[in-house]
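Which chain is which? The protein sequence lines are E and L, in order.
Residue numbering for the first sequence follows the working numbering, starting at 55 and increasing by one per position.
Residue numbering for the second sequence follows the working numbering, starting at 3 and increasing by one per position.
What follows is a single structure, written as structure tokens, with notes after it.
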Amino acid sequence: MNVALKNIHKHFGKVHANKGINLTIPSGTIQGILGENGAGKSTLMKILSGFIQADSGSEIILDGKPVVIHSPADAIHHGVGMLHQDPLDFPPMRILDNFLIGRSSGGLFPNRKEVAQDFNRLAQEFDFSFDPDNYVDTLTVGERQQLEIIRLLWLGARILILDEPTTGISASQKIKLFATLKTLAEKGMTIIFVSHKLEDVESLCNQVAVLRAGELVGEMKPPLDTSTLVEMMFGKVVTLGERQPAKTGDTMLDLQNVSLEDARMKIKNINLNVHAGEVIGLAGMEGSGQGMFIRACAGLTRPVGGRVQLKGHDLTGKSYHVYKNAGVNFLPAARLEEGLVPGLSLTDHFVLAEQPRGIFIDRTAGEKLAEDRIKSFNIRGTPLTMVEALSGGNQQRAELALLQSPLSLVLLEHPTRGLDIESVIYIWGKLKERCRQGASIIFISSDLEEILQYSDRVLVFFSGKVSQPIDAANTSVEQLGQLIGGKGWPENGGGSHA
Amino acid sequence: MLKGRLGGFIFQFLAFVLALGFVSVILISAGASPMEAYKNMLTGSVGSMRKFAEVLVSFVPLLLVTAGLLITFSAGLWNIGVEGQIVLGAIISVWVFRLFVDSTLPPALIITLAILGGMIGGALWASLAGALKTFGGVNEIFGGLGLNFVSTALTLYLIFGPWKREGVASMSGTAPFPDHFSLPQVPELRISLWALGIALVGIVIVYFILQGTYFGLKLKAVGKNFRAAYLLGIPTWRYSMYSFLICGALAGVAGAVQVAGVYHRLIPSISSGYGYLGLMVAMLINYQAIWAIPVALFFAALNIGSIQLPIVMKLDSSLAGVLQGVLVLFVLLMEGIRQKFLKKA
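Structure (structure tokens):
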């Protein structure tokens, strides 16, 4: 099926997530969509698959006919099927029940026998092996993907959108997936492959589009040139002023052979030595392991192996509150979900962050404290303003104002995401002040310029692998971009040493 | 107009009018006159000093339970188990009275001990639901509901088993205690000013906990965002447990007051549904302690006012429950509509 997207715009409040995107995908194409986090890839795909509607004036044309897609069910009706990064299936149900659940014309009592025949035929065709009576929660992520693909085909999909499909599946499953996608494309299916893995895109796609900040910044056909793609994804380097190398002191945080594990990935044998006053930047696509790493440094995730020492004290396996009392503060990216308490005022937050003793709240002292902090952190609000009424930038400054004093280690997730340049410079001014007082900082950012500008050393994460610490003064956006996209890693890359 | 206090008030008033209108339609379709029914409810509740005293008798446990629930709601917990906590308060106070039935200690001391006992009983029963939640991962709604059934069964076992009255055990409860075990009552009326005082002290304490203490602030932080509260350094599970203990203690006092001030024995349904009614009051006042007194009084008045409906108008007295339920639903509905408009604006 031929797909044409014309002048797609999408606003979320003030945010302009898609800025007039035009893209034509002929039948039988495997179209790659590249872009960093927040580039607008997901928005565009959600519009095509009916999860959200584009602003008026945008057009979706399928096989020459303009269509309006109201919902995901509507999308599949038009032949558009989307495979989500986390499979949207029903783990406690049987495979066959999952398979037939999306069909609207199945009637009150589905003919299970007939459906089972269809299911087995499709599974055989693509060489997938399933027992239809088994439960979905016994399957691996890769198998659930396979199930979802044949389900969408059975429902009549002629356009298949895959969102980061190679995350969390094994190498052999990836080979099978790519073979399946190529077969489907040969039969005239249109495949849209959303990814940040350059290698996957290069080996699979016969047409690539790159999005950046909501705009389609370039298209390319094979032969694909990695460095051009990286430049399109991350843009030209704009300097934020002179770098200030840290005057580093004694060891603050010492990680020895730390191994981490969650349902999606394992990170093995991280060795890192962070000095007082040093800033470590963590780069990588979202979900590459850096989130788990920073939470382990905060004591929120327990390592499955190795030792964590802060200023020579062993904190391995201790709880978050022990870390906090030892001078570790963690500011999460999800401000209103994890960082702040909606429904409480700025004063309430500052009072709570001071770990108050006693019974009765000292209102005057609390409001005085709040006024001081609001002033010194330049927050647009009053002591009685509820945090949810603040703008994103002000919420971010409020979170920073919650940091205790003195501190040993500050852990930040996307400290300046969505902020204007003045706020970024202001916030980093405050953070560098902490460094001069002897604290170390570890932060995650998807903005490579920010990482290069403010860190002393950089760790790059890719699919649970961690790079050696890279000296920020001797690297470039280009080099980091390649590492983030999975290029230039040593073959047996795993642990890092510093 | 939608924003702020005035907007909220207008919508709540609208909800009240709609609820009355809705119940009126039900009454008309049942062939009864709504105006007459409302008039009867009014005279039945505040028509005489005697009747108003009855309203206060019903108001005392309702206010205590509401006060307790304000604490658990602040901590973000749905303490459905409050019914069982009332029952355990009653059971323990009866147990204390039985212990001292032949003692020569001053009755005032025994009554005090019985009420304290009820408080502890309610708190311990609540701590079961709390422990199931914090250590066992059992949702407090399910845990509480299960414990409610257990508490009912326990009451019946005691009435028909170890504590059965002489002769034949019956659904009318255990044998009544001597008169000196009763909270002193106003002459000619059934209300005890002591009971009323206890209830008012309860809500005042809760008001100050929530408004003016670090404890209350932390509780609210836990309730509004468990994750962020934890990251801010609050020992969240401990605060969940504290809130269960406080709510259970207040519910236990309510149960003990039902024994010492109203029934003077253990009866099968000693909680009389005040736990569930308290949940409705707490929702209706949007968890604002300051509104607990008027709204609990209003609900108690509806309860008492509907008692004479079967006699006067041949209507079932459950009309009060219908009106209370409909009122809560409409207030929540109107609030939802207001929020929707606010979002659009």
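C-beta atoms are modelled at their ideal positions from N, C-alpha and C, and glycine is treated no differently.
Going by beta carbon distance, what residues of the same chain come within less than 6 Å of residue i, once the five residues before and after it are set aside?
i: Val330/L; result: Met282, Met285, Leu286
i: Ile130/E; result: Leu209
i: Gly263/L; result: Leu185, Ser194, Ala197
i: Ala127/E; result: none
i: Thr529/E; result: none
i: Phe404/E; result: Leu423, Ala424, Arg427
Label residue i either buried or exposed according to how many other C-beta atoms from any shown protein chain fall within 10 Å of its C-beta, with 16 as the threshold for buried.
i: Ser499/E; result: buried
i: Met173/L; result: exposed
i: His266/L; result: buried
i: Ser494/E; result: buried
i: Pro164/L; result: exposed
i: Phe163/E; result: exposed
i: His124/E; result: exposed
i: Asn72/E; result: buried
i: Leu344/L; result: exposed
i: Val292/E; result: Reliability fails at Val292/E, whose pLDDT of 49 lies under 50, so the model's placement of it is uncertain and the value that follows must be treated cautiously. Answer is exposed; the Cβ neighbour count stays below 16.
i: Arg340/L; result: buried
i: Asn42/L; result: buried
i: Phe66/E; result: exposed
i: Arg240/L; result: exposed
i: Ser60/L; result: buried
i: Gln344/E; result: buried
i: Asn305/L; result: buried
i: Ser103/E; result: buried
i: Ile79/E; result: buried
i: Met37/L; result: exposed
Grab me the residues of residue i's own chain with a C-beta within less than 8 Å of its C-beta, minus the 5 sequence neighbours each way, in chain order.
i: Lys226/L; result: Gly78
i: Ile236/L; result: Lys220, Ala223, Val224
i: Ser89/E; result: Here residue 89/E is Gly; the residue named in the question, Ser, does not match the sequence. Excluding positions up to five away in sequence, the list reads Lys95, His250, Val264, Leu265, Arg266, Met287.
Grab me the residues of residue i's own chain with a C-beta within less than 7 Å of its C-beta, minus the 5 sequence neighbours each way, in chain order.
i: Lys342/L; result: none
i: Arg52/L; result: Leu191
i: Pro386/E; result: Glu392, Gly393, Glu467
i: Phe228/L; result: Gly78, Thr238
i: Gln536/E; result: Thr280, Val284, Gly542
i: Gly492/E; result: Gly303, Ala330, Gly331
Tell me which residue opens and which closes the alpha helix (DSSP H) that residue i is part of.
i: Gly199/L; result: 195-214
i: Val261/L; result: It is not in any alpha helix (DSSP H) - Val261/L carries neither H nor E in the DSSP assignment.
i: Glu38/L; result: 36-48
i: Asp128/E; result: 126-131
i: Gly74/E; result: Looking at the DSSP string, Gly74/E is not in any alpha helix (DSSP H); the run it does join, the beta strand (DSSP E), is 69-79.
i: Phe137/L; result: 109-138
i: Leu145/L; result: It is worth fixing the name first, because residue 145/L is Gly in this sequence and not Leu. Segment 142-162, the alpha helix (DSSP H) holding Gly145/L.
i: Phe300/L; result: 294-307
i: Leu279/L; result: 276-286
i: Lys556/E; result: This structure leaves residue 556/E out entirely; chain E is present only between 55 and 552.
i: Phe228/L; result: 228-233
i: Ile505/E; result: 502-508
Taking the continuous beta strand (DSSP E) assigned at residue i, which residues delimit it?
i: Phe515/E; result: 511-516
i: Gln573/E; result: No information on residue 573/E is available, as it lies outside the stretch 55 to 552 that chain E covers here.
i: Pro120/E; result: 119-121
At a CB-CB cut-off below 7 Å, which residues of chain C make contact with residue i?
i: Val395/E; result: Checking the listed chains, one finds no chain C in this structure; the protein chains it contains are E and L.
Is the closest heavy atom of the ligand GTP to the C-beta of residue i under 6 Å?
i: Ile413/E; result: Here there are no bound small molecules, and the ligand GTP is not part of this structure.
Practice task
Tell me, please, whether the stretch 532-546 of chain E touches the stretch 244-256 of chain E by the rule of three or more beta-carbon pairs shorter than 8 Å.
Solution key: yes
Problem - Length-filtered (4 minimum) alpha helix (DSSP H) runs lying within the stretch 384-461 of chain E - result: 400-407, 417-430, 446-455
Exercise for the section: Identify every run of the alpha helix (DSSP H) within the stretch 56-106 of chain L, keeping only runs that are complete inside it and at least 4 residues long; order them along the chain. Expected result: Qualifying alpha helix (DSSP H) stretches, in chain order: 84-101.
Handout entry: Touching by the beta-carbon criterion (3+ pairs, under 8 Å), the stretch 272-282 of chain E and the stretch 142-160 of chain E
Key = no
Exercise for the section: Would you be able to state if there are at least three C-beta pairs under 8 Å between the stretch 247-264 of chain L and the stretch 30-38 of chain L? Expected result: no
Exercise for the section: Inspect the CB distances between the stretch 69-78 of chain L and the stretch 96-106 of chain L and report whether three or more fall short of 8 Å. Expected result: no
Exercise for the section: Scan the stretch 137-204 of chain E and note each continuous alpha helix (DSSP H) run of 4 residues or more that stays entirely inside, going in chain order. Expected result: Annotation note: the stretch 137-204 of chain E contains the following uninterrupted alpha helix (DSSP H) runs of length 4 or greater, listed N- to C-terminal: 149-154, 166-179.
Exercise for the section: Check whether the stretch 153-170 of chain L touches the stretch 11-22 of chain L, taking contact to mean three or more Cβ pairs, one atom from each stretch, closer than 8 Å. Expected result: no
Exercise for the section: Determine contact between the stretch 198-212 of chain E and the stretch 178-189 of chain E, defined as no fewer than three beta-carbon pairs at a distance below 8 Å. Expected result: yes
Handout entry: Any 3 or more C-beta pairs closer than 8 Å across the stretch 479-488 of chain E and the stretch 319-328 of chain E
Key = no
Practice task
Could you say if the stretch 356-366 of chain E and the stretch 516-528 of chain E meet the contact criterion of at least three C-beta pairs nearer than 8 Å?
Solution key: no
Handout entry: Runs of beta strand (DSSP E) lying entirely within the stretch 290-357 of chain E, each at least 3 residues, in chain order
Key = Taking only runs of at least 3 residues, the beta strand (DSSP E) segments lying wholly in the stretch 290-357 of chain E are 305-315, 320-329, 333-337.
Exercise for the section: Assess, as a yes-or-no matter, whether the stretch 190-197 of chain E is touched by the stretch 142-153 of chain E under the definition of 3 or more beta carbon pairs within less than 8 Å. Expected result: yes
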